[in-house]
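First residue of the sequence shown? That's 1 in UniProt numbering, and the numbers climb one at a time after it. Taking it in order: structure first as structure tokens, then the write-up.
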Amino acid sequence: MLFGNNLDAINHDSRANLERIGRVLREAGLDRLRLEGHTDSYGEPDYNRELSVRRANAVAEVLISAGMRPENLEIRGLGMSKPVADNNTPDGRMENRRVAIIVPVE
1 MLFGNNLDAI
11 NHDSRANLER
21 IGRVLREAGL
31 DRLRLEGHTD
41 SYGEPDYNRE
51 LSVRRANAVA
61 EVLISAGMRP
71 ENLEIRGLGM
81 SKPVADNNTP
91 DGRMENRRVA
101 IIVPVE
């Protein structure tokens, strides 16, 4: 799930996709998830960590509306600590402004 610069809101199309993902995961019996929020490298570390938590919480809210149980969602805000792309390019920064949905192996 990608986000715009300095944003934590989920647009209509992304919301519909997340709801569908939540339903499919729930129907498959995968009801425990870890949501890891991330940012690009611009801004202060403390602010980016808070923004990453807000992004993960925004995804959690949509998944909960799709029937996931809140107590089964682990929220992590990792800020800019784990980039997946080069923060020196616009495309790289866009890829780093994300929430990863992880199904933990138990």
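Note that the Cβ used here is the ideal one computed from N, Cα and C, for glycine as well.
**Request:** Output yes or no for whether 9 angstroms exceeds the beta carbon distance between G22 and L63.
**Result:** The Cβ-Cβ distance between G22 and L63 falls below 9 angstroms.
**Contact belief for R34 with E74 at Cβ below 8 angstroms, rounded distance in angstroms** = About 4 angstroms separates the two Cβ atoms, so the contact holds.
**CB of R97 within 9 angstroms of CB of D40, strictly** = Yes; because the gap between Cβ atoms is below 9 angstroms, this pair is in contact.
**Prompt:** Since A58 is in the beta strand (DSSP E), which residue starts that stretch and which ends it?
**Reply:** Here A58 belongs to no beta strand (DSSP E); instead the alpha helix (DSSP H) covers P45 to S65.
**Request:** Determine, using beta carbons only, whether A66 and V99 come nearer to each other than 9 angstroms.
**Result:** For A66 and V99, no; Cβs fall outside 9 angstroms.
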